[in-house]
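Engineer: FYI, numbering that gives the first Met the number 0 numbers position 26 of the sequence shown as 25, with every residue one higher than the one before it.
A virtual CB, placed ideally from N, CA and C, is assigned to each residue, including glycine.
In this text the structure is predicted, and so the values were computed from the model without any measurement.
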Amino acid sequence: MHGVMKPSTVYCLKLLLLLALGGVTMHVPEVDVVASLGALCLDGHFSFHDAPAAARDFGNRCSLLPAAVLHPGSVADIAATVKRVFLLGRNSPLTIAARGHGHSLLGQSQAEGGIVVRMESLAAGATEMKVHGGLWPHVDVPGGELWIDVLHETLKHGLAPRSWTDYLHLTVGGTLSNAGVSGQAFQHGPQINNVNQLEIVTGRGDVVTCSPLENSDLFYASLGGLGQFGIITRARIALEPAPKMVRWIRVLYSDFEAFTEDQEMLITAEKTFDYIEGFVIINRTGVLNTWRTSFKPQDPVQASQFQSDGRVLYCLELTKNFNPDEADIMEQEVGALLCRLRYISSTLFHTDVTYLEFLDRL
Ligand SMILES: Cc1cc2nc3c(=O)[nH]c(=O)nc-3n(C[C@H](O)[C@H](O)[C@H](O)COP(=O)(O)OP(=O)(O)OC[C@H]3O[C@@H](n4cnc5c(N)ncnc54)[C@H](O)[C@@H]3O)c2cc1C
0 MHGVMKPSTV YCLKLLLLLA LGGVTMHVPE VDVVASLGAL CLDGHFSFHD APAAARDFGN
60 RCSLLPAAVL HPGSVADIAA TVKRVFLLGR NSPLTIAARG HGHSLLGQSQ AEGGIVVRME
120 SLAAGATEMK VHGGLWPHVD VPGGELWIDV LHETLKHGLA PRSWTDYLHL TVGGTLSNAG
180 VSGQAFQHGP QINNVNQLEI VTGRGDVVTC SPLENSDLFY ASLGGLGQFG IITRARIALE
240 PAPKMVRWIR VLYSDFEAFT EDQEMLITAE KTFDYIEGFV IINRTGVLNT WRTSFKPQDP
300 VQASQFQSDG RVLYCLELTK NFNPDEADIM EQEVGALLCR LRYISSTLFH TDVTYLEFLD
360 RL
């Protein structure tokens, strides 16, 4: 075991460190509170030098300095810490926030004068992820695991989660605390609709397994619960067979009504695309050079060949999954769907990429 703090010396060191951090105005918890946390026997450790890093997030608009950062070495570390804080009672000012990859925008993963639990410390990589095949394939993953790592691991088994975010460098616990939305949501729901079971450290410090059938109140509260109903330490995510390839298509519209009507038609159609997203492109320069991502140099948008004449344009991004031996069927299905759309005909462009390349496009 490492990182167990000796209460008196460590607290003095901590105060010195906080002062050395530039006289930041913050709430400093009572000496005995920090000392009591320091006395916990942990597999991981508390740290103070990285408190400023835990006071930042992707939004860069909010900075709340915590008193300490917990790097849990086990779920028991989180449970013991939460329990100790709970036992301090209602009058204690000490708060706790789980931090995934810190990609929230307004301080949601910060805890002023409190404890930030660095969930990525619990994500020990592939060894901690357990993929199960069979009739109902699923994967058990630590809450601090990045979705990109979940994808890499499940692909080794020819499987993948059904619902995604556009950007995969976010943690499982972080997106399940919100919703987790991308272009598969019209078919499978957001990521929170594709979870079979959670392990949660509750506000009392109990470790509870919950699912639609077991402790269902806690299960549904925690999914999309903004981290307010407990800390997700493990999630069981439903999987499906992963396709090998993706036909990735973009078309542009200048008519908003045609754009939304086509999009609605596609999401309700019987045999439709596997991914459907719409974007508004505001182009002030006359050339569409501010595209989110570009898939090939010959991409007409990237090559600046397409002149938008300053118009606001609307983009439909679509994909059809396929395996190489089914390419003909895919071509027919895609052709039939595209025939029904009213996009600007010169703006159809497409490419074929691997499933991994498509999902990890951002
Ligand atoms: C560049 C970028 C791209 C994005 N793309 C998408 C997208 O395509 N689709 C989409 O839906 N969203 C997207 N988001 C939003 C993103 O999903 C949320 O901000 C998400 O919360 C970030 O995950 P994180 O791991 O960084 O969580 P953090 O920002 O660290 O935490 C977010 C919230 O969840 C809580 N939390 C974190 N881990 C846990 C846990 N294990 N248990 C309980 N609570 C926890 C935190 O306390 C906090 O309240 C994007 C954000 C950015 C910055």
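1. Keeping to the same chain, check which residues put their C-beta closer than 6 Å to that of R235; ignore five residues upstream and five downstream.
2. Pick out the complete beta strand (DSSP E) segments inside the stretch 193–226, 3 residues or longer, and give them in chain order.
3. Can the beta-carbon of T353 be found less than 8 Å from the beta-carbon of I248?
4. Please state if the CB of A67 and the CB of A78 are separated by a distance shorter than 8 Å.
5. Could you tell me which whole beta strand (DSSP E) segments of length 3 or greater appear in the stretch 112–195?
6. For R98, which residues from the same chain have a beta carbon less than 7 Å from its beta carbon, with the 5 sequence-adjacent residues on both sides left out?
7. Rounded to the nearest angstrom, what separates G21 and G113 at their Cα positions?
8. Compute the Euclidean distance between the alpha carbons of I230 and L150, then round it to the nearest angstrom.
9. Using CA coordinates, which residue listed in E325, H44, G182 and G173 is at the minimum distance from L362?
10. With hydrogens ignored, establish whether the beta-carbon of S62 is closer than 7 Å to any heavy atom of ligand 1.
11. May I ask whether a heavy atom of ligand 1 can be found less than 7 Å away from the beta carbon of M264?
12. Answer yes or no: do F388 and Y219 have a C-beta to C-beta separation smaller than 8 Å?
13. Have a look at the DSSP bridge pairing and note the partners of D351.
14. Quick one: what's E316 bridged to in DSSP?
15. Output the boundary residues of the beta strand (DSSP E) element that contains I236.
16. Measure the alpha-carbon distance for D254 versus G157 and round it to whole angstroms.
17. Starting from T45, follow the beta strand (DSSP E) in both directions and report where the run begins and ends.
18. Less than 7 Å between the CB of G43 and some heavy atom of ligand 1, yes or no?
19. Measuring only the C-alpha atoms, how far is L222 from D308?
20. For ligand 1, any of its heavy atoms closer than 7 Å to the Cβ of Y219?
21. Tell me which residue opens and which closes the beta strand (DSSP E) that I95 is part of.
22. May I ask you to check if the CB of F185 is nearer than 7 Å to at least one heavy atom of ligand 1?
23. Which value, in whole angstroms, describes the spacing of the CA atoms of D76 and N193?
24. Starting from V69, trace the beta strand (DSSP E) in both directions and tell me its first and last residue.
25. Give a yes or no on whether the C-beta atoms belonging to V311 and V279 are separated by under 8 Å.
26. In this structure, does DSSP put F85 in helix, strand or coil?
27. Could you tell me the alpha carbon to alpha carbon distance between D216 and P189, rounded to whole angstroms?
Structural biologist: The relevant details are as follows:
1. Indexing the sequence shown from 1 puts residue 235 at position 236. Here the set comprises H137, D139, N195 and Q196.
2. 194–200 and 206–209
3. Locating residue 353 in the sequence shown gives position 354, where the first residue counts as 1. Locating residue 248 in the sequence shown gives position 249, where the first residue counts as 1. Cβ distance not < 8 Å, so T353 and I248 don't count as in contact.
4. Mapped onto the sequence shown, residue 78 falls at position 79. Mapped onto the sequence shown, residue 67 falls at position 68. Going by C-beta atoms, A78 is not nearer than 8 Å to A67.
5. 114–117, 129–131, 137–141 and 158–160
6. As a first step, residue 98 must be located in the sequence shown, where it is residue number 99. So the list reads A53, S108, V115, V116, R117 and M118, once near-sequence residues are dropped.
7. Locating residue 21 in the sequence shown gives position 22, counting from the first residue. Locating residue 113 in the sequence shown gives position 114, counting from the first residue. A caution first: G21 carries a pLDDT of 32, below 50, which makes its placement in the model too unreliable to give a value.
8. Within the sequence shown, the letter at position 231 stands for residue 230. Within the sequence shown, the letter at position 151 stands for residue 150. Roughly 22 Å between the two C-alpha positions.
9. Given that the chain is displayed from residue 0 to residue 361, the structure contains no residue 362 and the question cannot be resolved.
10. Locating residue 62 in the sequence shown gives position 63, where the first residue counts as 1. Outside the cutoff, so no.
11. Counted from its first residue, the sequence shown places residue 264 at position 265. No.
12. This structure cannot settle anything about residue 388, because the visible part of the chain is limited to 0 through 361.
13. Working through the sequence shown from its first residue, we reach residue 351 at position 352. Per DSSP, R246.
14. Here residue 316 refers to the residue found at position 317 when the sequence shown is read from its first residue. Looking at the DSSP assignment, E316 forms a beta bridge with R249 and E276.
15. The residue you call residue 236 lines up with position 237 of the sequence shown. I236 -> beta strand (DSSP E) spans I230 to P240.
16. For the purposes of this step, residue 254 is taken as residue 255 along the sequence shown, with counting starting at 1. For the purposes of this step, residue 157 is taken as residue 158 along the sequence shown, with counting starting at 1. One C-alpha to the other measures close to 41 Å.
17. Walking along the sequence shown from the start, residue 45 turns up at place 46. Here the sequence assigns Phe to residue 45, which means Thr is not the residue at that position. Run containing F45: H44 to S46, per the beta strand (DSSP E) assignment.
18. Your numbering for residue 43 matches position 44 in the sequence shown. Every heavy atom of ligand 1 is 7 Å or more from the Cβ of G43, so no.
19. Against the sequence shown, residue 222 aligns to sequence position 223. Against the sequence shown, residue 308 aligns to sequence position 309. Answer to the nearest angstrom: the Cα atoms are 44 Å apart.
20. Sequence index remark: in the sequence shown, residue 219 carries index 220 (1-based). For ligand 1, not one heavy atom lies less than 7 Å from the Cβ of Y219.
21. As a first step, residue 95 must be located in the sequence shown, where it is residue number 96. Element bounds for I95: I95 to R98.
22. Position 186 of the sequence shown, counted from the start, is the residue given in the question as residue 185. Not under cutoff, so the answer is no.
23. Your numbering for residue 76 matches position 77 in the sequence shown. Your numbering for residue 193 matches position 194 in the sequence shown. The straight-line gap from Cα to Cα measures roughly 28 Å.
24. In the sequence shown, the residue the question calls residue 69 occupies position 70. Correcting the residue identity first, residue 69 is Leu in this sequence and not Val. Here the beta strand (DSSP E) through L69 covers A67 to H70.
25. For this step, residue 311 is matched to residue 312 along the sequence shown. For this step, residue 279 is matched to residue 280 along the sequence shown. Closer than 8 Å, so yes.
26. For the purposes of this step, residue 85 is taken as the residue at position 86 of the sequence shown. Residue state, collapsed to three classes: helix.
27. Along the sequence shown, one-based indexing puts residue 216 at 217. Along the sequence shown, one-based indexing puts residue 189 at 190. Whole-angstrom Cα-Cα distance: 19 Å.
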